[in-house]
Amino acid sequence: MRGASLLLLVVLSAAAAAAPQLVGAASRDNSLKILKKDIIETINNHPNAGWTAGHNPALADYTVEQFKHILGVKPTPPGLLAGVPTKTYPRSEVLPKEFDARTKWSSCSTIGNILDQGHCGSCWAFGAVECLQDRFCIHQNINISLSANDLVACCGFMCGDGCDGGYPISAWRYFVKEGVVTEECDPYFDQEGCQHPGCEPAYDTPVCEKKCKVQNQIWEQKKHFSVNAYKVKSDPHDIMAEVYKNGPVEVDFTVYEDFAHYKSGVYKHVTGDEMGGHAVKLIGWGTSDAGEDYWLLANQWNRGWGDDGYFKIIRGTNECGIEEDVVAGMPSTKNTAGDHGSSGFGTAIL
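Under the numbering used here, the first residue of the sequence shown is numbered 7, with each subsequent residue one higher.
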């Protein structure tokens with residue numbers, strides 16, 4: 007009996023000694039920052055990186071886990087793409103060597119807006135509303151800001167899990183079926199204080215209220231629709247032709263640790279672990295002075311990240327899957343009679 011008691015005492019002592027180490031390890035993992043000096047040095051000392059890394063203020067306080075959370079593109083279930091058409095373009099289409107949607111459609115101020123998704127994994131919603139509002143301006147001469155919050159809060163399981171991620175193609179299908187209200191009606195940012203879904207790391211997906219925040223505005227009347235939802239063939243020529251003819255498209259790609267440190271140049275993955283999937287807006291293309299073909303994209307991590315909120319990624323090699331999942335749709339005239347000349351860019355980081 008005495009031997010058994012002694013053995014129990016040894017086991018308990020060992021467990022007590024191990025416990026603080028386990029807690030400490032978990033604590034360190036939870037507080038590990040995404041921005042790291044060694045990654046910056048590795049990139050900037052790499053002879054063939056092609057881009058410059060640095061400390062991005064927009065992500066200064068983010069831990070690795072918080073950074074993973076804002077990468078809100080979930081792997082698309084095969085069944086979700088059933089019936090979704092894929093657009094292609096003939097090779098006879100002549101396209102410019104360089105293109106920037108901000109220049110071609112200079113009267114459409116939304117194209118040059120950089121937004122801020124905050125701590126919410128809502129990139130899938132942001133990329134979609136940004137492209138649709140740009141296309142309303144391009145094709146219908148309507149300057150309007152659409153609500154990412156409508157998608158995040160109200161699309162539900164059809165789109166995924168709100169602030170815990172979603173599917174870009176489902177956002178476009180939501181535009182066809184349900185439409186999306188204006189930013190003024192259902193703002194992502196609360197102008198009276200930081201109350202939008204992305205302000206605090208622990209902020210839950212907001213509740214869908216289907217009620218405009220502005221008095222005398224009716225939810226159903228503020229809905230704007232897309233006439234269709236489609237994929238674009240995963241080929242640089244087809245993607246370029248789509249953007250050139252119809253405007254920015256939503257794309258998603260795999261993000262690695264080094265991408266958080268991007269400052270300028272043509273990005274390609276060099277170092278760091280895989281973090282998750284991220285959706286952004288593709289607005290153009292070109293070729294660098296070093297001869298590297300690139301895509302030009304707008305991110306939604308504020309202007310304190312990257313090249314004033316934008317980034318370039320190598321074109322033609324499907325870097326990080328950037329050319330695999332390109333989605334878009336065309337704007338509908340439904341509910342737009344009173345929109346001409348209107349605007350509402352309350353959430354833009356200008």
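Cβ atoms here follow ideal geometry from the backbone N, Cα and C, with glycine treated the same way. Source: prediction; values computed, not measured.
Asked                                                                                                                                                                : Found
In terms of residue numbering, what span does the alpha helix (DSSP H) encompassing I76 cover?                                                                       : 70-76
Measuring CA to CA, which of Y180, G335, G271, V238 is closest to G312?                                                                                              : G271
If you draw a straight line from the alpha carbon of P207 to that of E99, how long is it in whole angstroms?                                                         : 46 Å
With 16 other CB atoms within 10 Å as the buried threshold, where does K251 fall?                                                                                    : exposed
Which residue comes first and which comes last in the beta strand (DSSP E) that contains A334?                                                                       : 332-334
Can you check whether the CB of H267 is closer than 8 Å to the CB of I49?                                                                                            : yes
Figure out for me which residue from G172, S153, A131, M164 has the closest Cα to the Cα of K80.                                                                     : G172
Compare the Cα-Cα distances from H52 to each of V70, D264, A107 and report the closest residue.                                                                      : D264
Find out if the Cβ-Cβ distance for the pair V135, K237 is shorter than 8 Å.                                                                                          : no
May I ask you to verify whether the segment 317-331 touches the segment 106-116, counting CB pairs closer than 8 Å and requiring at least 3?                         : no
Less than 8 Å between the C-beta atoms of K219 and W225, yes or no?                                                                                                  : no
List the residues that DSSP assigns as beta-bridge partners of M282.                                                                                                 : Just to set this straight, residue 282 is Gly in the shown sequence, not Met. Paired residue(s): V261.
On the DSSP letters alone, give me the boundaries of the beta strand (DSSP E) that T58 sits inside.                                                                  : 57-59
DSSP three-state label for V187, please.                                                                                                                             : coil
Alpha carbon to alpha carbon, what distance is there between H61 and T342?                                                                                           : 43 Å
With DSSP as the reference, label T82 as helix, strand or coil.                                                                                                      : coil
Between W307, G335, C160, L121, which lies nearest to F73 when the distance is taken from Cα to Cα?                                                                  : W307
So is P337 buried or exposed if we call it buried at 16+ other beta carbons inside 10 Å?                                                                             : buried
Would the beta-carbon of D363 fall within 8 Å of that of K93?                                                                                                        : Residue 363 lies beyond the stretch modelled for the chain, which goes from 7 to 356, so this question has no answer here.
Kindly indicate which three-state DSSP category A304 falls into: helix, strand or coil?                                                                              : strand
Take the Cβ of V213 as the centre, count every other Cβ of all protein chains shown within 10 Å, and call the residue buried at 16 or more, exposed below.           : exposed
Taking a contact to mean a Cβ-Cβ separation below 8 Å, would you say T260 touches I175 in this structure?                                                            : no
Whole angstroms is fine: what's the gap from A145's alpha carbon to S151's?                                                                                          : Looking at the sequence shown, residue 145 is not Ala but His. Roughly 15 Å separates the two Cα atoms.
Just to confirm my understanding: we take G310, look at its own chain, exclude 5 residues before and 5 after, and list those with CB closer than 6 Å. What are they? : P63, A64
Helix, strand or coil for L152, going by three-state DSSP, please let me know.                                                                                       : strand
Roughly how many whole angstroms lie between the Cα atoms of K228 and C169?                                                                                          : 23 Å
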